[in-house]
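Enquirer:
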Amino acid sequence: MNGDGYLDYHELKVALRALGFDMSKREVLNIIDEYDTDNRKLINYEDFFQYVGNKIIERDPIDEIRRAFRLFDDDETGKISLRNLRRVAKELGENLTDDELRAMIDEFDLDEDGEINEEEFINICTEN
1 MNGDGYLDYH ELKVALRALG FDMSKREVLN IIDEYDTDNR KLINYEDFFQ
51 YVGNKIIERD PIDEIRRAFR LFDDDETGKI SLRNLRRVAK ELGENLTDDE
101 LRAMIDEFDL DEDGEINEEE FINICTEN
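With the first letter of the sequence shown counted as 1, position 61 gets the number 61 in full-length UniProt numbering; the numbers rise by one all the way through.
(1) In this structure, does DSSP put ASN123 in helix, strand or coil?
(2) Between TYR9 and GLU34, what straight-line distance do the alpha-carbon atoms span, to the nearest angstrom?
(3) Distance check for ARG17 and MET23, CA to CA, integer angstroms please.
(4) Quick check on the burial criterion: 16 or more other C-beta atoms within 10 angstroms. Buried or exposed for ASN95?
(5) How close, in whole Å, do the beta carbons of ILE31 and TYR6 come, if the pair is a contact with beta carbons under 8 Å?
(6) Can you list, in chain order, the residues of its chain whose CB lies under 7 Å from that of residue 129, leaving out five sequence neighbours each side?
(7) Considering only the alpha carbon of each residue, which of ARG102, GLU91 and PHE49 lies closest to ASP74?
(8) Given a cut-off of 8 Å, decide if SER81 and GLU58 are closer than it, judged by their beta-carbon atoms.
(9) Using the Cβ count rule (16 or more neighbours within 10 Å means buried), how would you classify PHE48?
(10) Relative to the alpha-carbon of ASP72, which residue among ILE65, VAL88, ASP60 and ARG40 has its alpha-carbon at the smallest distance?
(11) Leaving out five residues before and five after LEU12 in sequence, what residues of the same chain have Cβ atoms less than 8 Å from its Cβ?
Following this line, the structure appears as structure tokens:
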């Protein structure tokens, strides 16, 4: 985004991917065509935010939780380990000790294997 108030194809594709929408070239071009009123092959920020807002509302919350789980599980083991949690805490600028991180895992580790699996993570995120 170059600050001109519009997104071209490449800027739109990057912005959508950053928001978790991995779309084909044709899908991105269709979005531009839908909102491009002056045939410049651009979409303005207001239309972009409207489109993205509608897409986010359509998302399944459980799918979003699964997507978040995969961000933690960067080594693709199917579990969030102490190492995974330490990395995320560091990326977020949180200064937590291993004991604090282990306590977080222990709190929600229902099968007591020392890690958080996807089902446990979904339970954490959907508890009231």
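We put the CB at the ideal spot given by N, CA and C, even for glycine.
Expert: Put simply:
(1) helix
(2) 13 Å
(3) 7 Å
(4) exposed
(5) Wrong, their Cβ atoms sit about 13 Å apart, outside the cutoff.
(6) Any answer about residue 129 is impossible in this case: the structure gives the chain only from 1 up to 128.
(7) GLU91
(8) no
(9) buried
(10) Here the sequence assigns Phe to residue 72, which means Asp is not the residue at that position. Ranking ILE65, VAL88, ASP60 and ARG40 by Cα distance to PHE72 puts VAL88 first.
(11) VAL28, ILE31, ILE32, ILE43 and PHE48
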